[in-house]
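In my numbering, the protein residues as written are 9 to 721. Working notes, beginning with the structure itself.
Spelled out as structure tokens, the structure:
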């Protein structure tokens, strides 16, 4: 045993064994809901574990069997007793097949009831054997009736013989009586002898009568037995008719074509479903050669080889082959599954070949689609991982193994926290909560831990997985290793920080010189110099703001920006920021609406920079607008601030990127507006570090409303 391999729990061992079992196995908990189906079940139904989970399996039960099936299951479950039931379950090909389901209660080692476990066996093939059995019973009854008829005919012939003998005896008696009367006077002396002779004849007559009575009684008993046999035969024929009717309905419901070929006579029978699959009209006469001409390309020889093999087998062989056909009516290429069984006579010569035909084109297309999807997942450079809402990993592709160092066997069944550093475990419940709220999570950048303990930078996109009812049952995650990109960005940020730092000193000196020159030229008679120095002062101020922005980005990305929280009134900070903005902005009116004092625990300076940036953007991007509305209120334990303008608005394609670093909306209206795409990025990072939220609502040509919310405490 490999000591590095984790010990698989007992139930997991059972699931592995169950997945290798040929029968269909299910397990339910104490709540009657099924939570496990083995691989044979999933292959049979063509559905996923998530689809079958709970009562999802009942969707595949035939509507005529569902109520009876659930009644047996629930009553047995409540009584904690074993049960056995038969029902039809939809197969992956859309056909319903009869299953024999045996369920037994499960108990823990301590004797506590733990639910049920059941196994299902496909008994659909038994229908054919039942039909043969009914035919045998039918012919056996006919043979028995024929034997009884022959016995009755023999009894009737014997009765006729006895009646003839009786009639002859009567005639002899009459003749003797006539002779006695004629000779009574002449032969008085022989009276005694004649009486004895008459007595003997009478005794013979009595014996004949008794024999006739016995024969009549035997005939009556034979007639009664014949009547019972006829009633049994009638019941058997009725049951056979009902069974054949059910079989016909089952075949019609599954769209399974039936065929029967006699190689001796050449007669070929095709059911209506078979004709429909092959593209023939109802009632059309079709020969074997016509059918053979429908098989596509090399499939024709392969099918013929399978049929010949079945006919040559002395025991009568079954064959099952999937192939392509060209429909007779429209030339459409379709996939079909051809199954058959050869029936041989006592000498081993083929007498009949019977079987079924099923259109499996949709299954083949689904297989191709699944194969393509599997190939994409296997060849992807990104880690593709599926997990439950409890964060348990359920799938793991090759790229995930390359990026994180774990094999699929090492992580499937483990939680995703195996990859998350201790200081980022809060991200997982936040991700799940956002997806449950219907939010999208794309290109979320974070850090994850490899098997060797090394931290790597990843960009994560997470999508929800839904069941047929639209409920989220799991998550699919795509993770891309961006470690090299992050290193390059850090090098770039270091360069920008270094360059900005080096620029700050000469720009500060330049600003001081301009301030001194401006003061000396304040009373100058040269208006050009005064105006030029004023413009130079504004440009230096703009350059200082830009350099400070680059330095803040550099500090933020290098982890050198700190949040110094303290209690303050947010509404007062908003009012002060508006007053400062109004000093330099005369083109817009800024309205402020507050719901009252709103005290928060946050970094006052950095929240002030967020407010200043939002107000500055509202002015820059609404050159034709005149009003900016600012609101501050408390909602759900959060302080929420909004800044709304009447500007040009943002297109839907840009809304998702406005908080990205260095992102600027590119359109003719913004070409002459200064900026480097730093302000909103810094604002978003500051709000996120306060465990807050920032977003925008906008419509092109109408205006934009920027919101942020932070906790009160």
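By construction, the Cβ of each residue, glycine as well, lies at the ideal position given by its N, Cα and C atoms. Keep in mind it's a predicted model, so treat the numbers as computed, not measured.
Sequence-distant residues of the same chain with beta carbon closer than 7 Å to residue i, five excluded per side
{"i": "residue 433", "result": "425"}
{"i": "residue 77", "result": "69, 93, 95"}
{"i": "residue 439", "result": "449, 470"}
{"i": "residue 659", "result": "708"}
{"i": "residue 295", "result": "276"}
{"i": "residue 419", "result": "401, 404, 426"}
{"i": "residue 451", "result": "467, 469"}
{"i": "residue 489", "result": "411, 464, 466"}
Distance between beta carbons of residue j and residue i, contact taken as under 8 Å
{"i": "residue 288", "j": "residue 336", "result": "6 Å"}
{"i": "residue 7", "j": "residue 45", "result": "Summary: the structure shown does not reach residue 7, with the chain confined to residues 9 through 721, and so no result is reported for it."}
{"i": "residue 623", "j": "residue 589", "result": "5 Å"}
{"i": "residue 329", "j": "residue 285", "result": "With 8 Å as the limit, residue 329 and residue 285 do not qualify as a contact, their Cβ atoms being about 15 Å apart."}
{"i": "residue 692", "j": "residue 714", "result": "About 10 Å separates the two Cβ atoms, so there is no contact after all."}
{"i": "residue 615", "j": "residue 591", "result": "About 20 Å; that fails the 8 Å criterion."}
{"i": "residue 718", "j": "residue 695", "result": "7 Å"}
{"i": "residue 637", "j": "residue 652", "result": "5 Å"}
{"i": "residue 348", "j": "residue 318", "result": "6 Å"}
{"i": "residue 90", "j": "residue 111", "result": "7 Å"}
{"i": "residue 307", "j": "residue 342", "result": "Actually they are not in contact, since the Cβ atoms of residue 307 and residue 342 sit about 12 Å apart, beyond 8 Å."}
{"i": "residue 61", "j": "residue 43", "result": "6 Å"}
{"i": "residue 315", "j": "residue 361", "result": "7 Å"}
Residue i burial status per 10 Å Cβ neighbour count (16 or more: buried)
{"i": "residue 644", "result": "exposed"}
{"i": "residue 107", "result": "buried"}
{"i": "residue 169", "result": "exposed"}
{"i": "residue 283", "result": "buried"}
{"i": "residue 390", "result": "buried"}
{"i": "residue 327", "result": "buried"}
{"i": "residue 456", "result": "buried"}
{"i": "residue 25", "result": "exposed"}
{"i": "residue 707", "result": "exposed"}
{"i": "residue 618", "result": "buried"}
{"i": "residue 38", "result": "exposed"}
{"i": "residue 625", "result": "buried"}
{"i": "residue 611", "result": "buried"}
{"i": "residue 186", "result": "exposed"}
{"i": "residue 221", "result": "exposed"}
{"i": "residue 183", "result": "exposed"}
{"i": "residue 229", "result": "exposed"}
{"i": "residue 437", "result": "exposed"}
{"i": "residue 462", "result": "exposed"}
{"i": "residue 235", "result": "exposed"}
{"i": "residue 351", "result": "exposed"}
{"i": "residue 134", "result": "exposed"}
{"i": "residue 570", "result": "exposed"}
Contacts around residue i, its chain only, beta-carbon distance under 8 Å, and the 5 residues preceding and following it disregarded
{"i": "residue 480", "result": "397, 443, 444, 472, 473, 474"}
{"i": "residue 607", "result": "575, 576, 577, 578, 720"}
{"i": "residue 114", "result": "35, 121, 122, 123, 124, 125"}
{"i": "residue 290", "result": "280, 283"}
{"i": "residue 190", "result": "none"}
{"i": "residue 609", "result": "573, 574, 575, 719, 720, 721"}
Cβ shell of residue i (< 6 Å), same chain only, five flanking positions each side left out
{"i": "residue 371", "result": "101"}
{"i": "residue 630", "result": "653, 654, 655"}
{"i": "residue 491", "result": "464, 465"}
{"i": "residue 711", "result": "653, 654, 655, 657"}
{"i": "residue 49", "result": "32"}
{"i": "residue 364", "result": "264, 266, 347"}
{"i": "residue 40", "result": "85"}
{"i": "residue 601", "result": "639"}
{"i": "residue 702", "result": "692, 695, 716"}
{"i": "residue 366", "result": "264, 345"}
Contact with chain C by residue i, beta-carbon distance below 8 Å
{"i": "residue 275", "result": "Although the question refers to chain C, the structure presented lacks it and comprises just one protein chain."}
**Asked** If we count Cβ pairs, one from each stretch, closer than 8 Å, do we get three or more for the region 402 to 415 versus the region 480 to 491?
**Response** yes
**the region 119 to 136 touching the region 33 to 40, judged by at least three CB pairs closer than 8 Å** = yes
**Request:** Just list the alpha helix (DSSP H) runs in the region 364 to 402, keeping only unbroken ones of 4 residues or longer that don't cross its boundaries, in chain order.
**Result:** 369 to 387
**Request:** List in chain order: all unbroken alpha helix (DSSP H) runs of 4+ residues lying wholly within the region 17 to 48.
**Result:** 18 to 28
**Request:** With a floor of 3 residues, list each beta strand (DSSP E) that falls wholly inside the region 596 to 637, ordered by position along the chain.
**Result:** 597 to 602, 607 to 610
**Message:** Runs of 3 residues minimum, wholly inside the region 434 to 462: which ones carry the beta strand (DSSP E) assignment?
**Reply:** 449 to 457
**Asked** For the region 327 to 371, which segments carrying the beta strand (DSSP E) assignment without a break, of at least 3 residues, lie completely within its bounds, in sequence order?
**Response** 341 to 352, 358 to 367
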